[in-house]
């Protein structure tokens with residue numbers, strides 16, 4: 001395992017640790033819900049029957065990729081509220097894949113410092129966000145994958161520990 005992270009021009013005031021998921025969001029019709037036995041306005045953890053959903057959604061028109069997961073979302077919102085860059089940081093685990101790179105870029109654009117532990121054997125966690133019924137309903141299918149592979153030893157890396165020591169708040 002290795003670490004990928006963004007350059008940090010200064011120490012953040014807020015550091016969050018959690019399960020990073022790349023939200024793969026698309027407006028679609030309810031037929032996809034039926035096909036994957038999903039309910040409108042519901043959130044579930046993916047099982048094996050849902051794995052084909054992710055590549056299918058990525059091929060749809062208008063797909064959006066958003067750095068997600070509750071804590072990472074909170075860090076992005078906090079950074080937006082604080083303004084500037086580098087006031088919020090996030091620590092979690094991702095795979096060594098294209099989805100991790102997209103998530104890293106997404107956070108970097110938002111000004112959030114990221115320190116991801118990379119699990120070489122597990123893909124990055126994803127969440128299919130299926131917006132149906134003319135934008136009125138949203139169904140979430142989370143595949144946690146690497147997000148749940150975080151090893152606490154990673155926090156003791158000198159750069160990571162420095163973030164923790166200098167933060168005013170930990171989430």
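Numbering (UniProt numbering), first residue to last: 1 to 171. Ideal Cβ positions, reconstructed from N, Cα and C, are used throughout, including at glycine.
**Prompt:** What is the residue span of the beta strand (DSSP E) that residue 65 lies within?
**Reply:** Counting from 1 along the chain shown, the entry for residue 65 is found at position 65. 64 to 68 is the span of the beta strand (DSSP E), which, as asked, contains residue 65.
**Asked** Given residue 38, which residues of its chain have a CB within under 6 Å of its CB, disregarding the five upstream and five downstream residues?
**Response** As a working note, residue 38 is residue 38 in the chain shown. Excluding sequence neighbours, residue 38 sits near 139.
**Residue environment, residue 61, which counts as buried when at least 16 other CB atoms sit within 10 Å** = As a working note, residue 61 is residue 61 in the chain shown. Classification for residue 61: exposed.
**Message:** Taking the straight line between their C-alpha atoms, what separation do you get for residue 137 and residue 117?
**Reply:** What you label residue 137 is simply residue 137 of the chain shown in a count that begins at 1. What you label residue 117 is simply residue 117 of the chain shown in a count that begins at 1. Their backbone Cα atoms lie some 34 Å apart in a straight line.
**Asked** Excluding the five sequence neighbours on either side, which residues of its own chain have a C-beta within less than 6 Å of the C-beta of residue 67, listed in chain order?
**Response** On the chain shown, residue 67 is found 67 positions in, with the first residue counted as 1. The answer, listed in chain order, is 103, 106, 107.
**Asked** Is it buried or exposed for residue 81, if we count other Cβ within 10 angstroms and need 16 for buried?
**Response** Translated into the one-based positions of the chain shown, residue 81 becomes position 81. Exposed: under 16 other Cβ atoms inside 10 Å.
**Asked** If you drop the 5 nearest sequence neighbours on each side, which residues of the same chain put their C-beta closer than 7 Å to that of residue 167?
**Response** Here residue 167 is taken as the residue at index 167 of the chain shown, counted from 1. Only 12, 13, 14, 15 meet the Cβ criterion.
**Request:** Reducing DSSP to helix, strand and coil, say where residue 169 ends up.
**Result:** The residue given as residue 169 occupies position 169 in the chain shown. Residue state, collapsed to three classes: strand.
**Prompt:** By DSSP, does residue 122 sit in helix, in strand, or in coil?
**Reply:** Counted from its first residue, the chain shown places residue 122 at position 122. Looking at residue 122 - three-state DSSP - the assignment turns out to be coil, as it is neither helix nor strand.
**Asked** Taking the C-alpha atoms as reference points, what is the distance between residue 152 and residue 129?
**Response** For the purposes of this step, residue 152 is identified with residue 152 of the chain shown, where counting begins at 1. For the purposes of this step, residue 129 is identified with residue 129 of the chain shown, where counting begins at 1. Residue 152 and residue 129: Cα-Cα distance of roughly 29 Å.
**Prompt:** Taking the alpha-carbon positions, what's the residue 47 to residue 143 distance?
**Reply:** Along the chain shown, one-based indexing puts residue 47 at 47. Along the chain shown, one-based indexing puts residue 143 at 143. Their backbone Cα atoms lie some 8 Å apart in a straight line.
**Message:** Within a Cβ cutoff of 8 Å, which residues of the same chain sit near residue 163, ignoring the five residues on either side of it in sequence?
**Reply:** The count along the chain shown starts at 1 and reaches residue 163 at position 163. Contacts found: 8, 11, 12, 15, 89, 91, 113, 115.
**Asked** Which whole-angstrom value is the C-beta distance of residue 135 and residue 119, which I expect to be below 8 Å?
**Response** Position 135 of the chain shown holds residue 135. Position 119 of the chain shown holds residue 119. 35 Å between Cβ atoms; not a contact.
**Prompt:** How about residue 72 and residue 123: do their beta carbons lie closer than 8 Å?
**Reply:** As a position in the chain shown, residue 72 is number 72, starting the count at 1. As a position in the chain shown, residue 123 is number 123, starting the count at 1. Against a cut-off of 8 Å, the Cβ pair of residue 123 and residue 72 comes out as no contact.
**Message:** Among the candidates 23, 87, 49, 30, whose CA atom is the shortest distance from the CA of residue 58?
**Reply:** In the chain shown, residue 58 corresponds to position 58, counting from 1. With distances taken between Cα atoms, residue 58 lies closest to 23.
**Asked** Just reading off the alpha helix (DSSP H) that residue 57 is part of, what are its end residues?
**Response** Here residue 57 is taken as the residue at index 57 of the chain shown, counted from 1. That run of the alpha helix (DSSP H) goes 53 to 58.
**Message:** Considering only the alpha carbon of each residue, which of 133, 93, 56 lies closest to residue 147?
**Reply:** In the chain shown, the residue the question calls residue 147 occupies position 147. Among 133, 93, 56, the Cα nearest to that of residue 147 belongs to 93.
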